[in-house]
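So the sequences go chain by chain: A and B. Numbering of the first sequence is given in the working numbering, commencing with residue 1 and proceeding in unit increments. Numbering of the second sequence is given in the working numbering, commencing with residue 1 and proceeding in unit increments. Following: one structure in structure tokens, then a few remarks.
Number of protein chains: 2
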Amino acid sequence: MENIITKYKEKGLRLTPQRIAILKYLDGNTGHPTADNIYRDIKRRYPTLSFATVYNTLQTLKEHGGIMEITIDSMRKHYDPNTTPHHHIICVDCNEIWDVFEDYSKVLRLPPHLTREVRIAGAHVDFYGLCRKCQKRKGVKM
Amino acid sequence: MENIITKYKEKGLRLTPQRIAILKYLDGNTGHPTADNIYRDIKRRYPTLSFATVYNTLQTLKEHGGIMEITIDSMRKHYDPNTTPHHHIICVDCNEIWDVFEDYSKVLRLPPHLTREVRIAGAHVDFYGLCRKCQKRKGVKM
DNA sequence: TCTAAATTTAGAATAATTATAATGTATGGA
DNA sequence: TCCATACATTATAATTATTCTAAATTTAGA
Ligand SMILES: [Mn+2]
Ligand SMILES: [Mn+2]
Ligand SMILES: [Zn+2]
Ligand SMILES: [Zn+2]
Numbered sequence: 001m002e003n004i005i006t007k008y009k010e011k012g013l014r015l016t017p018q019r020i021a022i023l024k025y026l027d028g029n030t031g032h033p034t035a036d037n038i039y040r041d042i043k044r045r046y047p048t049l050s051f052a053t054v055y056n057t058l059q060t061l062k063e064h065g066g067i068m069e070i071t072i073d074s075m076r077k078h079y080d081p082n083t084t085p086h087h088h089i090i091c092v093d094c095n096e097i098w099d100v101f102e103d104y105s106k107v108l109r110l111p112p113h114l115t116r117e118v119r120i121a122g123a124h125v126d127f128y129g130l131c132r133k134c135q136k137r138k139g140v141k142m
Numbered sequence: 001m002e003n004i005i006t007k008y009k010e011k012g013l014r015l016t017p018q019r020i021a022i023l024k025y026l027d028g029n030t031g032h033p034t035a036d037n038i039y040r041d042i043k044r045r046y047p048t049l050s051f052a053t054v055y056n057t058l059q060t061l062k063e064h065g066g067i068m069e070i071t072i073d074s075m076r077k078h079y080d081p082n083t084t085p086h087h088h089i090i091c092v093d094c095n096e097i098w099d100v101f102e103d104y105s106k107v108l109r110l111p112p113h114l115t116r117e118v119r120i121a122g123a124h125v126d127f128y129g130l131c132r133k134c135q136k137r138k139g140v141k142m
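Below you can see the structure in the form of structure tokens.
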């Protein structure tokens with residue numbers, strides 16, 4: 001809690017109440033929130049909060065490696081304060097996202113004609129399927 | 001060429017010049033075009049073409065399993081007429097997308113607590129990196 | 001306390017996509 | 001071949017996520 005704050009202070013980032021609120025909201029958050037999720041939550045305590053501030057702060061955090069941007073959902077960007085390499089599962093119905101902490105780096109090999117074309121920096125695996133809640137709601141046979 | 005057309009006729013889809021042009025544009029296209037790519041190209045021959053028609057047709061094709069929607073690029077949706085399971089590489093600089101036809105299905109195993117939570121339907125691997133062209137443009141040491 | 005530079009803000013702008021409602025046309029049967 | 005009609009296209013407006021702008025405010029260090 002206090003360490004994320006000093007951590008960002010050390011990076012030369014100015015601390016404002018809004019930024020602290022966003023940092024606290026993100027700290028340990030495994031829910032993969034959208035900018036709107038963050039805005040709505042913090043707006044309750046800081047009614048003058050602007051969307052621009054949320055986007056600016058997310059941008060700054062991204063640049064400093066404090067968060068990752070998740071592109072698994074084509075509707076909107078999600079953010080992940082866990083920047084250790086990991087993967088995701090998305091429910092194709094409710095768009096909820098789960099973490100996958102398996103290490104596939106050894107098995108995701110590429111043929112030479114592709115590694116020649118692109119210098120690979122990493123890989124994300126996006127699993128997709130129907131979550132239990134949505135299976136139930138849609139009456140899927142278990 | 002003619003077979004895609006009869007193929008979609010059999011699905012009960014009405015064939016219009018616009019749809020035929022879109023089908024022909026997509027047939028065998030490995031470039032992962034956006035709606036805008038398609039619109040611009042076909043607009044030249046059909047100047048009255050509307051964006052709505054492109055989006056409607058893509059939606060219809062998606063529903064009939066004729067194309068896949070690619071979410072690797074957070075800026076815009078890309079479409080892929082190759083619906084056989086495969087993966088992608090995206091250049092983080094120019095957003096060009098390459099196909100990866102490796103079969104990782106055997107090695108992408110999930111722990112039981114996750115397969116219990118979500119009935120997995122599939123997985124896509126998104127590789128990311130810098131393509132040769134962008135390495136050169138940015139003066140990256142090879 | 002003072003100041004410069006960074007940050008926040010309201011609001012406008014942009015861009016991708018979807019919705020609407022009027023007009024046009026493909027298609028199967030008379 | 002002609003017609004009816006269900007389906008498709010179109011121009012346009014609406015929606016939504018995100019970014020930009022410029023003025024006002026705040027931070028942090030001297
Ligand atoms: Mn995550
Ligand atoms: Mn592809
Ligand atoms: Zn679900
Ligand atoms: Zn590139």
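Just so it is clear, CB atoms sit at the ideal spot from N, CA and C, and this is done for glycine as well. Treat the numbers as computed from the prediction; the structure is a model and nothing was measured.
* **Neighbour flag for B:G129 against chain A, beta carbons, 8 Å** => yes
* Spatial neighbours of A:R19 within its chain, please: CB distance less than 6 Å, with the 5 preceding and 5 following residues excluded, ordered by chain position. => T57
* Asked: What are the boundary residues of the alpha helix (DSSP H) that A:Y55 is part of?
  -> F51 to E63
* **CB contact check: A:E10 to chain B, cutoff 8 Å** => no
* Asked: Within this structure, are the beta carbons of A:H88 and A:I72 separated by less than 8 Å?
  -> yes
* To do: Kindly list, in the order they appear in chain B, the residues whose Cβ is closer than 8 Å to that of A:I120.
  => I89, F127, Y128 and G129
* Asked: In chain A, which residues lie with their C-beta within 9 Å of the C-beta of B:R132?
  -> R116, E117, V118 and R119
* Is A:D41 closer than 8 Å to A:Y55 when the C-beta atoms are compared? -> no
* How would the residue list near ligand 3 read, in chain order, if you kept each one whose beta-carbon is closer than 7 Å to any heavy atom? -> A:C91, A:D93, A:C94, A:E96, A:L130, A:C131, A:K133 and A:C134
* Could you check if B:D126 is buried or exposed, using at least 16 other CB atoms within 10 Å of its CB as the buried criterion? => buried
* Asked: Quick one: is the Cβ of A:D99 within less than 7 Å of any heavy atom of ligand 1?
  -> yes
* Asked: When we look at the beta-carbon of A:G12 and count the other beta-carbons within 10 Å, is it buried (16 or more) or exposed?
  -> exposed
* For A:H87, the residue or residues it bridges with in DSSP -> A:V100
* **Minimum Cβ-Cβ distance from B:E63 to chain A less than 8 Å** => no
* Option in A:P17, A:D27 and A:I90 with minimal Cα separation from A:P47 -> A:P17
* Under the rule that 16 or more other beta-carbon atoms within 10 Å means buried, what is A:T53, buried or exposed? -> buried
* To do: Leaving out five residues on either side along the sequence, give the residues of the same chain with a beta carbon under 8 Å from the beta carbon of B:K138.
  => D93 and L130
* Cβ-based neighbour list, A:Y39, same chain, cut-off 8 Å, excluding 5 preceding and 5 following -> L49, F51 and V54
* Residues bridged to B:R119 [DSSP beta-bridge criterion] -> A:L130
* **Cα-Cα separation between A:K136 and A:C91, rounded to whole angstroms** => 13 Å
* Within 8 Å (strictly less), CB to CB, does A:S74 reach chain B? -> yes
* For A:N29, is the beta carbon positioned less than 7 Å from some heavy atom of ligand 1? -> no
* Indicate whether B:H78 and B:I97 have their beta-carbon atoms separated by less than 8 Å. => yes
* Asked: Counting along the chain, where does the alpha helix (DSSP H) carrying A:D73 start and finish?
  -> Where A:D73 is concerned, there is no enclosing alpha helix (DSSP H), given that its DSSP letter is neither H nor E.
* Kindly indicate the opening and closing residues of the beta strand (DSSP E) around A:Y79. => H78 to D80
* Just to check, is the beta-carbon of A:D80 closer than 7 Å to a non-hydrogen atom of ligand 1? -> yes
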